[in-house]
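Residues in the sequence shown are numbered consecutively from 583, following my numbering.
Quick reminder that beta carbons are idealized off the backbone N, C-alpha and C, glycines included.
These numbers come from a predicted model, not from an experiment.
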Amino acid sequence: MFTDLVKLKLRAGKGGNGIVAYRREKYIPKGGPYGGNGGCGGSVVIQSDPQVFSLDHFRNRRLIYAEDGGSGGTNNKQGKKGADLVLKVPCGTLLRDPETGGLLYDFTEAGETFELCVGGKGGKGNTFFKSPTNQAPSKCTPGLPGEIKDVELELRLIADVGFIGFPNAGKSTLLSKLAAIEVKTGAYPFTTLKPNLSFIEFDDFSRIYLADIPGIIPDAHADRGLGLSFLKHVERSSTLIYIIDISGEEGRDPYEDFLTLRKEGEAYSSEILKKPFLVALNKIDKGDETHLTHFKEKYPFPKETLFEISALEEKGIASLTKKIRLLAQADGKKYR
C-alpha cells in the first residue's frame, strides 16, 4: 500500500530532573550542595531524504516521541541530553497543521530540516540554588515537558516527468521500458493503484525522475475513481507526458481521450495546463492507422510534441527519451 497522507502526534523529550545531593567526603564535614542539573529532552526534527519515497513507515505509528533527558547526578554532573528524533520524509512532503490546514513547511530539496517540537529544559539541581545566605540548599526542580504537536504529512511527488493517461493506455509498460524496471501491468482497469517513481540514468550519471500516476477517468478532479489521490502528484511534475491508446481497441476515440485528460487536469488546477508536455501515441503496433490519422488532423499543438510509439515492442522509445532529456535540460535543473 502506498501511503501519501498521515496524521501524527509528535512529542519532544521531557527534560531530566535536577537532584538534591551533598558532598560527603572525609575531613570535609560541610561539603555543600553537589546535585547536578537534568539534561534537556530531545527535539523532534523532520528531514527530507532522497532515499525515502513514501510515508509508508508512518502508517501504523500515531504517537512518536523523542528521548527524555537524564536526571542530574552527584558531583554536579549534568544529566544526559535526550537524543533528537529525526523523522525522514520524501522530497515533496508538505507539513501542515491539521486544525487550520496551514502550511508549516514544504520539503522540496534533499536534506532540508525543520525542528517541529523542542525538547524540554532540564531541571536544576540544588547546587544551582546555592547563595551566600543559603550554603546548603535542599531545593531542586523537575525537568520541563517537551512540546507536543499534532501534524499532518502529505506527499506530493516531485518528478521531472509525470505520465498521464486512461487506464490501460500503457503507462506502466512505457515506464518499464524507459527506466528498465519491472512494474505490474495488465489488461484490466487500474493495474497501477499507486504512483510508481523511477528514473532514467544517462551515461554522465545524471537522472531524470519519472512518475507513473494511476489512470485517470472522467470527473477524476471530483475524486471519482482514484481521483485526487493521484492528481495531486501531477502538480509537481516539471513536464507531462500524455499517453494515449491510439488503437481505439476499446471503442474509445483517442483524440477525445486527450481532450478529457487535459480537461481533468485543468479542472483540478489551471497550473497543470501551463506545464510543457509531450503526447505519446501508444500501441501503433496494433496496425489500424484510422485513429492515428484522425488524431494528427485534429491535434492543435506543434507536431514535434507528438510521438508515435509502441511501448510493448519498444518502437519510438529512443526518440521519446531524447526529447525528454532535451526538455529536462531546457528546464535548467541539475538532475540527480
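According to the neighbour-count rule (16 or more other Cβ atoms, all chains shown, within 10 Å of its Cβ), is residue i buried or exposed?
{"i": "Asp742", "result": "buried"}
{"i": "Gly684", "result": "exposed"}
{"i": "Lys612", "result": "exposed"}
{"i": "Arg593", "result": "buried"}
{"i": "Lys589", "result": "exposed"}
{"i": "Gly833", "result": "exposed"}
{"i": "Ser901", "result": "exposed"}
{"i": "Asp839", "result": "buried"}
{"i": "Leu855", "result": "exposed"}
{"i": "Asn599", "result": "buried"}
{"i": "Tyr609", "result": "exposed"}
{"i": "Gln911", "result": "exposed"}
Going by C-alpha to C-alpha distance, which of the options sits closest to residue i?
{"i": "Asp794", "options": "Lys814, Pro632, Gly707", "result": "Lys814"}
{"i": "Tyr647", "options": "Lys731, Glu838, Gly704, Ala910", "result": "Lys731"}
{"i": "Phe889", "options": "Asp839, Gly624, Ile828", "result": "Ile828"}
{"i": "Pro777", "options": "Ile740, Tyr609, Gln911", "result": "Ile740"}
{"i": "Lys881", "options": "Asn642, Thr682, Pro836", "result": "Position check: residue 881 holds Tyr in this sequence, whereas Lys was assumed. Residue Pro836 is the option with its Cα nearest to Tyr881."}
Whose C-beta lies closer than 7 Å to the C-beta of residue i among residues of the same chain, with five residues either side of it excluded?
{"i": "Pro858", "result": "Thr821, Leu909"}
{"i": "Lys659", "result": "Gly618"}
Taking C-beta to C-beta, are residue i and residue j nearer than 8 Å?
{"i": "Thr695", "j": "Ser636", "result": "no"}
{"i": "Lys712", "j": "Pro632", "result": "no"}
{"i": "Ala672", "j": "Ser630", "result": "It is Pro, not Ala, that sits at residue 672 in the sequence shown. In this structure, Ser630 lies closer than 8 Å to Pro672 by Cβ."}
{"i": "Ala745", "j": "Arg907", "result": "The identity of residue 745 in the sequence shown is Phe, whereas the question assumes Ala. Not closer than 8 Å, so no."}
{"i": "Cys578", "j": "Lys663", "result": "This structure does not reach residue 578, given that the chain is present from 583 up to 918, and the question cannot be answered."}
{"i": "Leu676", "j": "Arg738", "result": "yes"}
{"i": "Asp870", "j": "Lys897", "result": "no"}
{"i": "Gly693", "j": "Gly728", "result": "no"}
{"i": "Val533", "j": "Asp666", "result": "There is simply no residue 533 to check, as the chain begins at 583 and stops at 918 in what is shown."}
{"i": "Ile823", "j": "Leu860", "result": "yes"}
{"i": "Leu735", "j": "Phe640", "result": "yes"}
Tell me, please, which residues DSSP counts as bridged to residue i.
{"i": "Pro672", "result": "None, per the DSSP bridge assignment."}
{"i": "Leu726", "result": "Leu726 is not bridged to any residue."}
{"i": "Ser780", "result": "Leu792"}
{"i": "Gln629", "result": "Lys670, Thr695"}
{"i": "Gly747", "result": "Ile825"}
{"i": "Arg593", "result": "Tyr647, Ile730"}
{"i": "Glu736", "result": "Leu587, Leu676"}
{"i": "Ile601", "result": "Bridge partners of Ile601: none, in fact."}
With a threshold of 6 Å on Cβ separation, who are the neighbours of residue i within its own chain once the five nearest residues in sequence on each side are excluded?
{"i": "Gly747", "result": "Lys753, Ile825"}
{"i": "Lys596", "result": "Gly623, Asp650, Gly702, Gly725, Pro727, Gly728"}
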